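Colleague: This structure is in structure tokens; I'll ask about it shortly.
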DNA sequence: AAAAAGAATGATAGCGCTATCATGACAGCG
DNA sequence: CGCTGTCATGATAGCGCTATCATTCTTTTT
């Protein structure tokens, strides 16, 4: 009869993974002391700590974080939910989050909604089930069920990208103001026939917020604010193909305000290819301040949004909150900056 | 005295979260039956299933996945470890993985090594602690400790990006061959003074594998294969700044083979800005087939690597393995394609 | 010197779920 | 009629860890 606990009657151990109990035995202490030596080193004596760490090394112990999380109901997982991974903007925010959170020993559980709020709800449910320490989500809009679920959740929630009164913490920028800013610039430059071009505005509702700002400025100046909405995803390709549509519908167009830099750069490169002079024949403006815009000639006029910074700041605020400190400001405006290029 | 189990003496419940036991009670069944109704619906009667689902809805039950994972030692988490999030190449692989895995109910635990193999080892340790169902990592190179840890792990391991004999499963492409391919193209076109430009090749060792292929072809043709290594990260900016260095060191250069499209596009745009004719004055080639290269004029000659496809294929193979099916091929060559532009 | 406080360790009992085995009900069969 | 087999359900006992309280021993205080 084997005395191996792995093979006795009611035993349910699935793997031959080393457990903390084995480490403790090998170090000559109780399991709880071994646990403290690893997670709360200040609570044990130097000798004990050394013995336990040696045993860990000797046995190749890898802590079972699932068990630890269940017992302590803390997980050091942070759920991050974004609407898209194609749009590099979200990736840069993730990057900022990731570098700050990982340095503090948190891991990222990544979810992608593909701009579907029902999908977001499902992801939130799943992530709550993992006892995440906090949740980061892009945007302030959620469906009803999701809202209810989050309202009753007792961990920090961080809504990023857009500024506004969120459920808990918020780091973002004012998209309506950004739209106003660029529109003012174009009007100041003397442009009158200005078209706003966006892609899938129902989904990318922040782009339509920028359009609202744009429209307000133009109307205040007594100018029409035509909108061209593309039904493909915002990309270089979509931008380059958008020119035809714009000129077909609005032949007198002198300036185009694009919802983002991908579209704008695509249009800029396409316009050049067909021999148009920028900005004389057509002025082009974007949004985001992607590196690409700074390397094309003429340089793209755009609005710089601090995306990585947004991620880093969001992460820092979360960490502050998670370590029990009081958060004074729930809303953080990271602002934006008009980046004047030669394309307008 | 309260009979509320949340407030009795030795109770350790931290939250007032609904548990499966409460759902079961409300549905008039035992906890284990409720569990089956949710995770193994075929095992219970229609009536029971309906009752349980109604109770779930009624109480707003969110399953505690941590507890479930501990009990079953299955987690439906997939660890994904990449060396960088700045390089869009990895993001596209993640995207391919993510869309395929999420559709099958797996979640991604994301880690970033910043090209540090020790950091990779730490991440692997952490992720194994989460009982991940599988692990995806970029590249075949790991440090000793990491190798040992993974060799003893009894779940699928998928190494992506480069082709070769890995620890378990592998989906990638042959970078040496890709380097050869582009070098052959340049030589065939009649170029002789060809410089290879890469950034931080010790870290981005796949770029140096491409250089190896490049060098082999040039040497076979009796041509020198000078290398210019930049110490900044590969980016548009680095590419545009690299021109000076290249011409300073190799004034006669007629063609530059860049390690990636960001560098190449940056150089192309910078060359244009200073009035050079491409490809007459200087030919430029890249690697990756980023959209940007297809929208600049002249179009960039590059090598198309199927990055999202790589992610999707890797995910599919993992899923196949996780659902118990036998995997016949452990290595998958996703190949690459020479994309002829006008820049060479 | 006695009392109080602190430091280090341990025993116990869960966290919320599921694997395993056991049970009872009922159908089919010779 | 008992026998076997299948189906639906339940009782029990963990998964590997940590919160809580208890204990021992040392240090400080008055």
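Protein chains in written order, with my numbering: chain A, 1 to 344; chain B, 1001 to 1344. Glycine is no exception: its CB is placed at the ideal position from the N, C-alpha and C atoms. The structure presented is a predicted model; accordingly, all values stated were derived computationally and were not measured.
1. Taking the straight line between their C-alpha atoms, what separation do you get for residue 33 of chain A and residue 19 of chain A?
2. Taking just the CA atoms, how far does residue 1071 of chain B sit from residue 2 of chain A?
3. Under a Cβ-count criterion, where at least 16 other Cβ atoms within 10 Å of its own Cβ denotes burial, should residue 1266 of chain B be classed as buried or exposed?
4. Just reading off the alpha helix (DSSP H) that residue 1039 of chain B is part of, what are its end residues?
5. Just verifying my parser: in three-state terms, what is the DSSP assignment at residue 290 of chain A?
6. With distances taken between CB atoms, is the gap from residue 1122 of chain B to residue 1078 of chain B smaller than 9 Å?
7. Based on DSSP bridge pairs, tell me the residues matched to residue 47 of chain A.
8. Shortest alpha-carbon distance to residue 331 of chain A belongs to which of A/198, A/166, A/273?
9. Closest Cβ-Cβ distance between residue 1291 of chain B and chain A: below 9 Å?
10. What separation, rounded to the nearest whole angstrom, lies between the Cα atoms of residue 1211 of chain B and residue 139 of chain A?
11. Which partner residues does residue 258 of chain A have in the DSSP bridge list?
12. Run the CB neighbour count on residue 337 of chain A, radius 10 Å, all protein chains shown included, and call it buried at 16 or more, exposed below.
13. Can you tell me whether residue 6 of chain A is buried or exposed, with buried defined as 16 or more other CB within 10 angstroms of its CB?
14. When the distance is taken between beta carbons, is residue 1294 of chain B closer than 9 Å to residue 1339 of chain B?
15. In terms of DSSP beta bridges, what is residue 1078 of chain B paired with?
16. Beta-carbon of residue 1086 of chain B versus every beta-carbon of chain A: anything under 9 Å?
17. Determine, using beta carbons only, whether residue 1164 of chain B and residue 1314 of chain B come nearer to each other than 9 Å.
18. Residues of chain B with CB under 9 Å from residue 125 of chain A, in chain order?
19. Would you please verify whether the beta carbon of residue 1296 of chain B is less than 9 Å from any beta carbon of chain A?
20. Going along chain A, which residues have a C-beta under 8 Å from residue 1014 of chain B?
21. Between which two residues does the beta strand (DSSP E) containing residue 1302 of chain B stretch?
22. Using a Cβ cut-off of 9 Å (strictly closer), state whether residue 1200 of chain B contacts chain A.
23. Could you give the distance in angstroms between the alpha-carbon of residue 69 of chain A and the alpha-carbon of residue 60 of chain A?
24. Tell me which same chain residues have a C-beta within less than 7 Å of the C-beta of residue 1085 of chain B, skipping the five on either side of it?
25. What residues in the segment 231-245 of chain A have a beta carbon less than 7 Å from any beta carbon of chain B?
26. Using a Cβ-Cβ cutoff of less than 8 Å, which residues in the same chain neighbour residue 1309 of chain B once the five nearest sequence positions on both sides are dropped?
27. So, is the C-beta of residue 188 of chain A closer than 9 Å to a C-beta in chain B?
28. Anything in chain B within Cβ reach of residue 154 of chain A, meaning under 7 Å, just list it in chain order.
29. In chain A, what lies closer than 9 Å to residue 1178 of chain B by C-beta?
30. Taking the Cβ atom as the reference point for each residue, do residue 1130 of chain B and residue 66 of chain A lie within a distance shorter than 9 Å?
31. Starting from residue 1018 of chain B, trace the beta strand (DSSP E) in both directions and tell me its first and last residue.
32. Please tell me whether residue 136 of chain A and residue 318 of chain A are closer than 9 Å, where the distance is taken between their beta carbons.
33. Give the straight-line distance between the Cα atoms of residue 1208 of chain B and residue 1234 of chain B, rounded to the nearest whole angstrom.
Modeller: So, from the data block:
1. 14 Å
2. In this prediction, residue 2 of chain A has a pLDDT of 38, which is less than 50 and means its spatial position is unreliable; what the coordinates show is noted afterwards. If I take the Cα positions, the gap works out to 24 Å.
3. buried
4. 1031-1039
5. coil
6. no
7. None, per the DSSP bridge assignment.
8. A/166
9. yes
10. 43 Å
11. A/197
12. exposed
13. Here the model assigns residue 6 of chain A a pLDDT of 48, short of 50, so the residue's position is not dependable and the matter cannot be decided.
14. yes
15. B/1108, B/1134
16. yes
17. no
18. 1062, 1063
19. yes
20. 73
21. 1302-1304
22. no
23. 21 Å
24. 1091, 1112
25. 235, 236, 237, 240
26. 1096, 1334
27. no
28. 1015
29. Near residue 1178 of chain B there are no residues of chain A at all, since even the closest Cβ is about 23 Å away, more than 9 Å.
30. yes
31. From DSSP, residue 1018 of chain B is part of no beta strand (DSSP E); its letter is neither H nor E.
32. yes
33. 13 Å
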